[in-house]
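Note that the sequence shown covers residues -16 to -1, 1 to 225 in mature numbering (1 follows the signal peptide of the UniProt record, and there is no 0). A virtual CB, placed ideally from N, CA and C, is assigned to each residue, including glycine. See structure below.
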Amino acid sequence: MIGPVLVLLALGSTQAGKLGNAWTPCPKADPNLNTCITNSLEKFLPLMKKGIPQFDIPVLDPLVLGDMDFSTKDLKMIYKGAKMSKLFTDYKIVLVEFDPDKYTMRMNLKVPEVISEGEYELNGKLMVMPVVGKGGFTLTYQDVSFDLTFLGKSKTKDGKPYMELNEAKVVFQPGNLIVKVDNLFNGNKELSDNFHKFVNENWRDIFNEFKDKIWGSMAAFFKQTFTKMFDEIPYNEVYTF
């Protein structure tokens, strides 16, 4: 994973002996830099989901997002122990835009299916639908466009240039969403079936209402996860200047 183009570049330059043929370094002056990076990522991304302990980068599949509060004035909606799987298992790299002089990177993946699971608590009204329940949930996102951008700036430490990661941005847009929620309405099957029919028919409107919080939680995860790596690898070790 991934927005980790920088992670991969850094590892490719500083730990080439360990990576062997898994990573082909891309010179900064290469006029086809983005193509070079894309080709290298095709080989290396499958390894990223296992995590990089030396930079405190955890296993990224599943991606552990933890607890999230999506409550509104009409609805209490809390997720606990939320995690996403398959985001980096089966994907196609659609776009890589990398500007080493501006310390920016953007990457877009097309992912057939992403599964989000955890525990939930619901109480209130979701759009026009009353709902109450507490238990497990499974969200199946299909035909996902996943866009990750890193924005940074130059800084100097011990006389060497580094990238300071200022911001991570995420756009996670599914083509379809299937919702499965356990233990709604104290086990009332009729009410539960009606709720599932409603949310699965109106998933897009519901997703759009909460997407900013979803994207924000994912962006915060990536920023926190990769800040240490950017702080430890000198920028002039990422590229051949």
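{"query": "Is the separation between the beta-carbon of T22 and that of V80 shorter than 7 Å?", "result": "yes"}
{"query": "Is it buried or exposed, A204, if we count other Cβ atoms within 10 angstroms and call 16 or more buried?", "result": "exposed"}
{"query": "What does E148 pair with, by DSSP beta-bridge criteria?", "result": "K137"}
{"query": "How would you call V78, buried or exposed, if buried means at least 16 neighbouring beta carbons within 10 angstroms?", "result": "exposed"}
{"query": "Is N92 helix, strand or coil when you go by DSSP?", "result": "strand"}
{"query": "Would DSSP call N170 helix, strand or coil?", "result": "helix"}
{"query": "Taking only three categories from DSSP, how would you classify I198?", "result": "helix"}
{"query": "Quick one, which of N186, F156 and K207 has its alpha-carbon nearest L110's?", "result": "N186"}
{"query": "So what does E101 bridge to, in DSSP terms?", "result": "K67 and T122"}
{"query": "Given a cut-off of 7 Å, decide if T211 and P135 are closer than it, judged by their beta-carbon atoms.", "result": "In the sequence as presented, Pro is not what sits at residue 135; that position holds Leu. It is not a contact, given that the beta carbons lie outside the stated cut-off."}
{"query": "For a quick check, are the C-beta atoms of E105 and I162 less than 7 Å apart?", "result": "no"}
{"query": "Determine the contact status of S201 and L49, defining contact as a CB-CB distance below 7 Å.", "result": "yes"}
{"query": "Using the Cβ count rule (16 or more neighbours within 10 Å means buried), how would you classify P46?", "result": "buried"}
{"query": "Please return the same chain residues whose Cβ sits closer than 8 Å to the Cβ of S138, not counting the five positions on each side in sequence.", "result": "Y87, P145, Y146, M147, E148 and Y219"}
{"query": "How many angstroms separate the CA atom of E193 from the CA atom of K57?", "result": "13 Å"}
{"query": "In whole angstroms, give me the CA-to-CA distance for T140 and I41.", "result": "23 Å"}
{"query": "In three-state DSSP terms, what is S129?", "result": "strand"}
{"query": "Would you tell me roughly how many angstroms separate the C-alpha atoms of E174 and M91, rounded to the nearest one?", "result": "44 Å"}
{"query": "Between G117 and L168, how many whole angstroms is the CB-CB distance? I'm expecting something under 8 Å.", "result": "4 Å"}
{"query": "Applying the 10 Å Cβ sphere with the 16-neighbour rule, what's the burial state of P37?", "result": "exposed"}
{"query": "What separation, rounded to the nearest whole angstrom, lies between the Cα atoms of E101 and D196?", "result": "19 Å"}
{"query": "Which whole-angstrom value is the C-beta distance of E97 and Y75, which I expect to be below 8 Å?", "result": "Between Y75 and E97 the Cβ distance is about 10 Å, and since that is not below 8 Å, they are no contact."}
{"query": "Quick check on DSSP: helix, strand or coil for P114?", "result": "strand"}
{"query": "Compute the distance between the beta-carbons of E103 and G159, then report whether it is under 7 Å.", "result": "no"}
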